[in-house]
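First comes the structure, then the notes that go with it.
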Amino acid sequence: MELKIKTLTPLWTGGVEAGKVDRIHETGILGSLRWWYEAIVRGLGGEACDPSEGKCKFDAEKYRQSSAPDERQRLRDAGLCDVCQVFGATGWRRRFRLTILDNTTPDSSVESRAKANRSYTDNRRKTHTPTWYFPDNQSDKPRSGNLSIQIQSLAPDFPPEVIAGLIQFVADWGAIGARAQMGFGVIELESVRINTRPLYDWLVPVAGNH
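Residue numbering for the sequence shown follows this note's numbering, starting at 47 and increasing by one per position.
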């Protein structure tokens with residue numbers, strides 16, 4: 047399935063060189079979607095691994111030995127949290143593929159330096175104003191415009207509408223890509239609102255699991 051997206055504020059997904067956005071990168075979108083999915087799963091009481099303590103790893107032998115009555119629990123027994131079951135881990139492929147059709151362009155309204163409208167005093171009693179720096183070159187700036195995201199299921203039991211619903215959730219309540227705390231990455235889906243019910247249905251078994 048394909049979603050058509052319009053940026054309401056510039057998108058920042060990083061690039062080959064640090065601090066530059068040469069195009070909209072799938073990895074940046076995937077990382078952001080995983081972050082939001084983790085937040086939802088944790089909020090529901092599900093299981094989400096902590097990357098700082100080591101990510102999940104699929105153990106095929108434990109999967110075969112599991113006597114759990116449902117597939118989700120068998121995967122947990124095999125070492126996969128509720129998030130890695132969808133987004134992949136060592137030995138376990140992500141359940142879907144994203145393809146980005148990028149029609150965005152660098153946003154010239156993003157200035158090279160942005161200062162906060164507040165200051166703070168450090169423990170040496172020096173006053174500082176938070177300042178952020180962005181690329182000087184027009185081609186490296188965060189991007190605005192339109193893009194399409196194609197979602198393809200890579201597993202017969204995983205509906206792509208789950209990820210589509212997640213993208214709609216992010217459009218409703220958050221932002222996508224990096225530097226969301228600075229207002230980047232606000233999006234809307236064009237023409238048709240995506241039904242979030244498949245996302246809800248997929249998450250129901252997750253609730254209270256951990």
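Even glycine gets a Cβ: it sits at the ideal position worked out from N, Cα and C.
Distance from Phe230 to Leu57 at the Cβ level is roughly 7 Å; contact confirmed, criterion being Cβ atoms closer than 8 Å.
In the structure shown, Glu93 adopts coil according to DSSP, grouped into three states.
The DSSP assignment places 142-152 as complete runs of the beta strand (DSSP E) inside the stretch 80-159, in order along the chain (cut-off: 3 residues). For Glu48, no alpha helix (DSSP H) segment is defined; the enclosing uninterrupted segment is the beta strand (DSSP E) at 48-53.
Non-local beta-carbon contacts of Ala217 in its own chain, meaning distances under 7 Å to residues more than five positions away in sequence, involve Ile233, Glu234, Leu235 in chain order. The Cβ neighbour count for Glu84, taken over all protein chains shown within 10 Å, is at least 16; the residue is labelled buried.
Per DSSP, the unbroken beta strand (DSSP E) holding Glu234 starts and ends at 233-235. Taken through DSSP and simplified to helix, strand or coil, Gly74 comes out as helix. When DSSP reads this structure, Tyr166 sits in a beta bridge with His174. Three or more Cβ pairs closer than 8 Å define a contact, and the stretch 195-211 meets that threshold against the stretch 142-152.
Residue pairing by DSSP places Gln196 opposite Glu48, Thr145 in a beta bridge. Ser165 sits close to Thr175, with the two beta carbons spaced by under 8 Å.
The straight-line gap separating the alpha-carbon atoms of Phe104 and Val87 is approximately 19 Å. A Cβ-Cβ separation of about 20 Å leaves Leu200 out of contact with Arg122 under the 8 Å criterion. DSSP places Trp58 outside any alpha helix (DSSP H), giving it a letter other than H or E. The beta carbons of Cys130 and Lys101 sit about 7 Å from each other, so the pair counts as a contact at 8 Å. Secondary-structure assignment with DSSP links Gly191 through a beta bridge to Thr150. Here Pro188 is buried. Its C-beta has 16 or more other C-beta atoms within 10 Å. Glu207 is positioned such that its CB atom lies no closer than 8 Å to that of Pro251. Residue nearest to Phe133 within the set Leu79, Trp248, Thr167, Pro115 is Leu79 (criterion: CA-CA distance).
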